[in-house]
Amino acid sequence: MTNMEAVRPAPDASLGSRRAWLGLAVLVLPVLLVSMDVSVLFLALPTLTVDLDPSASEQLWILDIYGFLIAGLLITMGNLGDRIGRRRILLAGAAVFGIASVIAAFAPSAAVLIAARALMGIGGATLLPSSLSLISTLFADAKQRATAIGVWTAFFAGGSAVGPIIGGVLLHHFWWGSVFLINVPVLLILFALGPILLPEHRSTSLGPLDLPSVALSIGGILPLVYAVKHAAEHGIDTTALVIGLIGVVVLTLFVRRQRHLKEPLLDLALFGRGQFSVAIGSSLAGMMSLAAMSYLASIYLQSVTGRDPLIAALLGIPMAIAVFIFSMTGAQVGHRFGVRLTFAMALFASAIGNLMLLGVGVDGGLAWYVAGSAIAGIGYGITFTLVSEVAVSSVPPERAGSAVGISETSFELGNALGLALLGSLAAVVFRSGGSFESTLGETLARDGDQPAIVDAARESFVNGMHAATTVGAVILVAMAIIVLVATPKGR
Numbered sequence: 005m006t007n008m009e010a011v012r013p014a015p016d017a018s019l020g021s022r023r024a025w026l027g028l029a030v031l032v033l034p035v036l037l038v039s040m041d042v043s044v045l046f047l048a049l050p051t052l053t054v055d056l057d058p059s060a061s062e063q064l065w066i067l068d069i070y071g072f073l074i075a076g077l078l079i080t081m082g083n084l085g086d087r088i089g090r091r092r093i094l095l096a097g098a099a100v101f102g103i104a105s106v107i108a109a110f111a112p113s114a115a116v117l118i119a120a121r122a123l124m125g126i127g128g129a130t131l132l133p134s135s136l137s138l139i140s141t142l143f144a145d146a147k148q149r150a151t152a153i154g155v156w157t158a159f160f161a162g163g164s165a166v167g168p169i170i171g172g173v174l175l176h177h178f179w180w181g182s183v184f185l186i187n188v189p190v191l192l193i194l195f196a197l198g199p200i201l202l203p204e205h206r207s208t209s210l211g212p213l214d215l216p217s218v219a220l221s222i223g224g225i226l227p228l229v230y231a232v233k234h235a236a237e238h239g240i241d242t243t244a245l246v247i248g249l250i251g252v253v254v255l256t257l258f259v260r261r262q263r264h265l266k267e268p269l270l271d272l273a274l275f276g277r278g279q280f281s282v283a284i285g286s287s288l289a290g291m292m293s294l295a296a297m298s299y300l301a302s303i304y305l306q307s308v309t310g311r312d313p314l315i316a317a318l319l320g321i322p323m324a325i326a327v328f329i330f331s332m333t334g335a336q337v338g339h340r341f342g343v344r345l346t347f348a349m350a351l352f353a354s355a356i357g358n359l360m361l362l363g364v365g366v367d368g369g370l371a372w373y374v375a376g377s378a379i380a381g382i383g384y385g386i387t388f389t390l391v392s393e394v395a396v397s398s399v400p401p402e403r404a405g406s407a408v409g410i411s412e413t414s415f416e417l418g419n420a421l422g423l424a425l426l427g428s429l430a431a432v433v434f435r436s437g438g439s440f441e442s443t444l445g446e447t448l449a450r451d452g453d454q455p456a457i458v459d460a461a462r463e464s465f466v467n468g469m470h471a472a473t474t475v476g477a478v479i480l481v482a483m484a485i486i487v488l489v490a491t492p493k494g495r
């Protein structure tokens, strides 16, 4: 018996045929929900703000506590799934995710919504690694497995892009809580078909999970990000410095512990491989810029141009289509032109798309947004597919599982950092433009009857959006140059 003992039916032809593909269809459902819920609130935020009246800090926590908990727990939940069973933890996580979605839909206050989003993050962290791991169990054939992983990646990458669209359609007909309730019927399908179509799989050779590492990873990431958000809202003060220092110290302890563990939560040796580090850096850069663009564009379309959520959602369709299609075909493009060149050009395309948003203004330039977001979507789709391929192929087969876990973590962490860092940059530029409230929505609510202040606030928000997307483009270009320099030619 091998070290990875499978608690599942004996392999047969069905695992590579219709049953396997039906199983994949079930697996991508939670992946789509987890990814979609990162961005589904972008369009709902203006109407949610009216009902719950969250502060500027609470608004950011509503958006990114979900992503940060997913990022912090992905590797932990992947390790836990290996020990107790991947299908088991998939279904358990789906239950937590569904219950939290209902709580979020009917949240009476911003604090309750933040808590529900945190619980959704915990549930979501179980769904991603277990679903991707089960693909390897379903598909024994390498070619079919590669195709299945491409489909998984497309749904994962496309979910973030399609989230605002689905949110806009729901908001056009229902209240903001409907963006969470849509999760429930999808999860019911998973509960009904998962036990039938998905095999169980667990390891019997791994030791107990290192709980101190889990605590240190979360205890380091959250304080550090809170410090960044606090500094963006209130300036660099004693609170920001002290909390930020706590985060750095805890993360340092986490890294030191991983170096001495026989079975570390995070295998730091992987980062000594150039290709692996390049892949992780690209996913961070890509998701940071994508999250900031999607978030700020959603506010721009509604609060600056005055469009309703449905129209704003429809304007995001070109980008969503581009991300989804090129996620499906990114690996083929990489094989034809070489991973190194394709990676770099995809990052450059994303940067160009972000820079095209400089053509967007208060009174016009909407075509620049549609074209720019679509071009960026092409780059993002290719990048995200290549990240998984390069991350896995750059490490020995026995470390592929750990590499995938880190890759997924980088996606979620990049999304959360984009909201925290680039979103905060846009907020700083916005507030520097005049005596405004903390957000554009609050300013419009307070001074909506004063045209001069409204015009100035909208202009200042556009300036902040330009600053954030430009910095996002610079990060993408820098990462593209690193890819060209660090990746050997011919790969």
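The opening residue of the sequence shown carries number 5 in this note's numbering; numbering runs sequentially from there.
Where is the CB? At the ideal position from N, CA and C, for every residue including glycine.
Every value quoted in this text rests on a predicted model; they were computed, and no experiment measured them.
The continuous alpha helix (DSSP H) containing residue 489 extends over residues 455 to 490. Taking 4 residues as the minimum length, the alpha helix (DSSP H) runs contained wholly in the stretch 255 to 319 are 278 to 303 and 313 to 319, in order along the chain.
Close CB contacts of residue 69 within its chain, under the 7 Å cut and outside five residues either way in sequence, are with 118, 121, 122 and 125 (chain order). Assignment of residue 198 by DSSP, reduced to helix, strand and coil, places it in the helix class. Annotation for residue 415: 287 and 291 place their beta carbon closer than 7 Å to its own, counting only its chain and skipping 5 residues before and after.
Contact check for residue 481 and residue 355: beta-carbon distance about 5 Å, within the 8 Å limit, so the pair qualifies. Within the stretch 100 to 162, the alpha helix (DSSP H) runs of at least 4 residues that lie entirely inside it are, in chain order, 114 to 142.
Judged by DSSP in its simplified three-state form, residue 416 adopts helix. Rounded to whole angstroms, residue 30 and residue 37 show a C-alpha spacing of 12 Å. Residues of the same chain with a CB within less than 7 Å of the CB of residue 363, apart from the 5 flanking positions on each side, are 369 and 372 in chain order. By the Cβ-count criterion, residue 336 is exposed, with fewer than 16 other Cβ atoms from all chains shown falling within 10 Å of its own Cβ.
The alpha-carbon separation between residue 421 and residue 301 amounts to approximately 17 Å. Residue 96 places its beta carbon 8 Å or farther from that of residue 141.
Nearest to residue 112 by alpha-carbon distance, out of 181, 48, 323 and 143, is 181. Contact check between the stretch 152 to 163 and the stretch 320 to 337: three or more CB pairs, one atom from each, fall below 8 Å, which counts as touching.
Per DSSP, residue 180 is not a residue of any alpha helix (DSSP H), being assigned neither H nor E. With fewer than 16 other Cβ atoms inside 10 Å of its own Cβ, residue 246 counts as exposed.
Residue 100 and residue 474 have their C-alpha atoms some 38 Å from each other. Residues of the same chain with a CB within less than 7 Å of the CB of residue 102, apart from the 5 flanking positions on each side, are 187, 188 and 191 in chain order. Under the three-state reduction of DSSP, residue 203 is assigned to coil, being neither helix nor strand.
Put simply, the backbone Cα of residue 318 is about 14 Å away from that of residue 309. Counting the other Cβ atoms within 10 Å of the Cβ of residue 393 gives 16 or more, which makes it buried.
Using a C-beta cut-off of 8 Å, the stretch 254 to 273 makes contact with the stretch 212 to 226, since at least three inter-stretch Cβ pairs fall below that distance.
Secondary structure at residue 34: helix, using DSSP grouped into helix, strand and coil. As for any alpha helix (DSSP H) of minimum length 4 sitting wholly inside the stretch 58 to 90, the runs are 60 to 88, ordered along the chain. Between residue 35 and residue 132, the C-beta gap is smaller than 8 Å, which places the two residues in contact.
Residue 263 is not a Cβ neighbour of residue 217, given a cutoff of 8 Å. Around residue 231, the same chain offers 244, 247 and 248 as residues with beta carbons nearer than 6 Å, after the five sequence neighbours per side are excluded.
Taking 8 Å as the cut-off, the beta carbon of residue 477 is found closer than this to the beta carbon of residue 293. In this structure, 183 is the residue among 148, 183 and 72 with its C-alpha nearest to the C-alpha of residue 108. Looking at the backbone, the Cα of residue 361 and that of residue 367 are separated by about 14 Å.
Here DSSP, grouped into helix, strand and coil, assigns residue 55 to helix.
With contacts defined by Cβ atoms closer than 8 Å, residue 464 and residue 438 form a contacting pair. Counting the other CB atoms within 10 Å of its CB gives residue 454 a total below 16, which places it among the exposed residues. Between the alpha carbons of residue 144 and residue 442 lies a distance of about 54 Å.
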